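Asker: Line by line, the protein sequences are chains U and W. So in our numbering, spot 106 of the first sequence is number 106, and the numbers just go up one at a time. Take any residue in the second sequence, count from 1 to its spot, add 1000: that is its number in our numbering. Note that the Cβ used here is the ideal one computed from N, Cα and C, for glycine as well. Given the structure is predicted, the values throughout are model-derived calculations rather than measurements.
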Amino acid sequence: KVGQPSTALLEEAPTLPLIQKLLEEAPGEQQRKPRVLGHPLQYMLDLYQRSADARGHPRENRTIGATMVRLIRPLTNVAKQLRGPWHIQTLDFPLRPNQVAYQLVRATVVYRHQIHLAHFYLSCHLEPWVQKSLTNHFPSSGRGSPKPFLLSNAWTEMDVTQHVQQRHWNHKGLRVLRLHFMCQQQKGSEVLDLWWHGTSSLDTAFLLLYFNDTHKSVQKAKPLTRGLEKFMERDSSLLLRKAR
Amino acid sequence: QAGNTASEVPGPSWRNDGPERNQCSLYPFQVSFRQLGWDHWIIAPHLYTPNYCKGACPRVLHYGLNSPNHAIIQNLVNELVDQSVPQPSCVPYKYVPISILLIEANGNILYKEYEDMIAQSCTCR
């Protein structure tokens, strides 16, 4: 079977758990590597280098605190609004249905807090979506929002674990985490509308979900403890007699 | 005691053991994800060292092979009772995980630690 596409070989054994996982996660042979560049890719490469060596062995002293980290980019069809000096994007991050074997450890969102475009500096922040957030004085900048953590001159990380647990579905019935990305012009009062349309939401924020794989420990613990308990309940003296 | 019994019993497997260098042991082996046809979605690492176990299992399964009692009994059955019951096989004993960075079909990026991906030692069972 030399030369046969590897996914075709995998499909011959679809019931094995690892194979199922690979088939689920791997793009098709024809589909080339999706184009992911810029900060999201660099962020994950840095995370990888901190957590594993060049041969892929997980580092003993890794601080990642999870066995799986998924970087999710926002959906492209986001609503864009302009309110006075504020530029607002509604970012929807698609969330998969909860997988039983994976436990969410934490969720963070990484975003640009400073954007420099056409001689204008924009100062930005993120706020979790709530029903009344687009009313009254706008925006509140931080009140009731998680405290952001400065990553660099331009990027900030913010914990959104609690918000990921909440249930929200978009108009297509997809479960999403909805956030507002809000930027304010720092210089002058001139409304700068053009830049917004030229800036992709994919370049401004991404979501990170940290999971732990609980499948292995569950699988190992069950037969041992249950089997032994049953045996001991039935006749504890049997074990001693057999050993003798 | 099972080991002593087995060593005193002459049998066909004694002749098949061959020189010690053919005994069950771990062999290093490296493959690239490109060779596996997965380089279109796996970003890191580029190389994967699954290793493999190969070699004959000795008639007397010594302690270092970490063989379970069942393997010792199966060896005895093969020699004393029924040769259609095969001798134990040389297979991986301990594994270590590998961390993989990959791009999913929808453009998301995934870091994941996969368990039991690299053979670290071998056993006869």
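Is there a Cβ from chain U that is less than 8 Å from the Cβ of asparagine 1108 of chain W?
Answerer: Yes - at least one Cβ of chain U is within 8 Å of the one on asparagine 1108 of chain W.
Asker: What's the C-alpha gap between serine 1025 of chain W and cysteine 1090 of chain W?
Answerer: Going by the C-alpha atoms only, they are around 8 Å apart.
Asker: Please determine if the region 1037-1048 of chain W and the region 1092-1104 of chain W are in contact, where contact requires at least 3 C-beta pairs separated by less than 8 Å.
Answerer: Segments in contact, yes.
Asker: Considering only the beta carbon of each residue, do asparagine 1108 of chain W and arginine 178 of chain U sit closer than 8 Å?
Answerer: Not a contact, by the Cβ cut-off of 8 Å.
Asker: At the 8 Å Cβ level, is proline 40 of chain U part of the contact set with chain W, yes or no?
Answerer: So yes, proline 40 of chain U belongs to the interface.
Asker: Would you list, in chain order, the members of the region 58-71 of chain U that have their beta-carbon closer than 7 Å to a beta-carbon of chain W?
Answerer: Here the close residues are Pro58, Thr67, Met68, Val69, Arg70 and Leu71.
Asker: For tyrosine 1048 of chain W, does the count of other Cβ atoms within 10 angstroms reach 16, so buried, or fall short, so exposed?
Answerer: Tyrosine 1048 of chain W comes out buried.
Asker: Excluding five sequence neighbours on each side, which residues of the same chain lie with their C-beta closer than 6 Å to the C-beta of alanine 154 of chain U?
Answerer: These residues qualify, in order along the chain: Arg112 and Gln114.
Asker: For glutamine 1074 of chain W, which residues in the same chain have their Cβ closer than 6 Å to its Cβ, ignoring the five residues on either side in sequence?
Answerer: These residues qualify, in order along the chain: Pro1088.
Asker: Can you tell me whether serine 51 of chain U is helix, strand or coil according to DSSP?
Answerer: Looking at serine 51 of chain U - three-state DSSP - the assignment turns out to be helix.
Asker: Helix or strand or just coil, what does DSSP make of glutamate 1115 of chain W?
Answerer: Glutamate 1115 of chain W: strand per DSSP, three-state reduction.
Asker: Going by DSSP, name the residue or residues bridged to valine 164 of chain U.
Answerer: BP columns for valine 164 of chain U are empty, so no partner.
Asker: Can the beta-carbon of isoleucine 1098 of chain W be found closer than 8 Å to that of glycine 65 of chain U?
Answerer: Against a cut-off of 8 Å, the Cβ pair of glycine 65 of chain U and isoleucine 1098 of chain W comes out as no contact.
Asker: Taking CB distances under 8 Å as the criterion, tell me whether lysine 1094 of chain W reaches chain U.
Answerer: Not closer than 8 Å to any Cβ of chain U, the Cβ of lysine 1094 of chain W fails to qualify, so no.
Asker: Per DSSP, what kind of secondary structure is valine 1085 of chain W in: helix, strand or coil?
Answerer: It is coil, neither helix nor strand.
Asker: Alpha carbon to alpha carbon, how far is glutamine 1035 of chain W from leucine 41 of chain U?
Answerer: Cα-Cα distance, rounded: 24 Å.
Asker: Which residues share a DSSP beta bridge with glutamate 60 of chain U?
Answerer: Its beta-bridge partners do not exist; DSSP assigns none.
Asker: What residues in the region 1053-1074 of chain W have a beta carbon less than 9 Å from any beta carbon of chain U?
Answerer: Listed by position along the chain: nothing, the set is empty.
Asker: For threonine 1049 of chain W, write down the residues that DSSP places opposite it in a beta bridge.
Answerer: DSSP output for threonine 1049 of chain W lists no bridge partner at all.
Asker: Does DSSP classify valine 1091 of chain W as helix, strand or coil?
Answerer: Valine 1091 of chain W: strand per DSSP, three-state reduction.
Asker: Can you grab the Cα-Cα spacing for the pair glutamine 1023 of chain W / valine 1060 of chain W, in whole Å?
Answerer: Rounded to the nearest angstrom, the two C-alpha atoms are 12 Å apart.
Asker: Under 7 Å Cβ to Cβ from glycine 1055 of chain W, same chain only, skipping five residues before and after it: list those, please.
Answerer: Once the five neighbours on either side are set aside, the close Cβ partners of glycine 1055 of chain W are Asn1022, Gln1023, Cys1024, Ser1025 and Cys1090.
Asker: So with CB distances below 8 Å, who are the chain W contacts of methionine 158 of chain U?
Answerer: Within chain W, no residue comes near methionine 158 of chain U; the closest Cβ sits about 19 Å away, beyond 8 Å.
Asker: Going by DSSP, name the residue or residues bridged to glutamine 184 of chain U.
Answerer: Glutamine 184 of chain U pairs with U:Trp86 and U:Ser123.
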